[in-house]
């Protein structure tokens, strides 16, 4: 028996007025955001770096738009590649510069143990913050299903959107803190590495949403929109560290801890759950080496 579908109700005057007000508010906020970033070179560079990462995420969804599908083995390899890039970014672009900044500022006497303690504590704080958000915010993992408070009360689409935002926010923070705490070449290397891994990440997110039952247009749109968190996080990270240079070691460690939580809590388990661990591990090692080369060669 064929299911009878009713045509959607057209928007009324109140709905159109609400959309117009929301659009006007968004334009005003965008103009203020643009002016704020343009007046601060570090924040502006972070915004550009985060925007490139967002565009890379959108670019990755194009094959899904063209009706291309990925095998599970390829998806797991791409997950591993992204994890490797993020691991190397944590080590070479965040933790090592954080240790150098802590020693340069003479924190705790400037010794290696004191510097390591500051950066280590900030790493744990970053991981704890993401763990708290993961526990409190309702969202839906590709692996474990719905989590967070009142997850059953939200539509499934919004649960995935929140999960993707939790995934991408640490990358944006890392880009912003990287521009505030590193020289231009090293910061560009970090942003480039994250953008490179965002291409397969956008593809995998769109494919996963498609496999979860979403229409192709919705899966592609959500995949593209998932990258918009990164320029926002980049501006936030750069603005906070730019406000006080004393926060630099803490900010670098915090961003690294947040990324490490996402790698361990979501990406690696996802890449190993379908029996393609060897390909996922190979992708991780290739991604790690690529990011290491970018950082050491360009930084």
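Numbering (my numbering), first residue to last: 75 to 373.
Using N, Cα and C, we set each Cβ at its ideal position, and we do this for glycine too.
Quick caveat, the model's predicted, so the values are computed rather than measured.
{"query": "Inter-residue Cα distance where the pair is residue 329 and residue 121", "result": "16 Å"}
{"query": "Residue 320 vs residue 255 beta-carbon contact at 8 Å", "result": "no"}
{"query": "contact_flag[the segment 262-275, the segment 91-98] where n(CB pairs < 8 Å) is 3 or more", "result": "no"}
{"query": "Spatially closest choice to residue 168 from 335, 349, 350 and 322, by CA coordinates", "result": "322"}
{"query": "Length of the line joining the Cα atoms of residue 368 and residue 90", "result": "48 Å"}
{"query": "8 Å Cβ cutoff met for residue 312 and residue 126", "result": "no"}
{"query": "Boundaries (first-last residue) of the alpha helix (DSSP H) holding residue 149", "result": "146-162"}
{"query": "Within 8 Å, strictly: CB atoms of residue 339 and residue 208", "result": "yes"}
{"query": "Distance CB(residue 152)-CB(residue 278) smaller than 8 Å", "result": "yes"}
{"query": "Close Cβ partners of residue 294 (< 7 Å) along its chain, the five nearest in sequence each way excluded", "result": "135, 138, 139 and 280"}
{"query": "Counted within 10 angstroms of its Cβ, other Cβ atoms place residue 259 as buried (16 or more) or exposed", "result": "exposed"}
{"query": "Same chain, Cβ closer than 6 Å to residue 361, neighbours up to 5 away in sequence not counted", "result": "155, 158 and 159"}
{"query": "8 Å Cβ cutoff met for residue 325 and residue 131", "result": "no"}
{"query": "Closest residue to residue 301 among 247, 105, 364 and 205 (Cα-Cα distance)", "result": "247"}
{"query": "Coarse secondary structure for residue 140, derived from DSSP in three states", "result": "coil"}
{"query": "Residue 162 beta carbon less than 8 Å from that of residue 366", "result": "yes"}
{"query": "Alpha carbon of residue 99 to alpha carbon of residue 239, nearest angstrom", "result": "22 Å"}
{"query": "Residue 272 versus 195, 317 and 249, residue with shortest Cα-Cα distance", "result": "249"}
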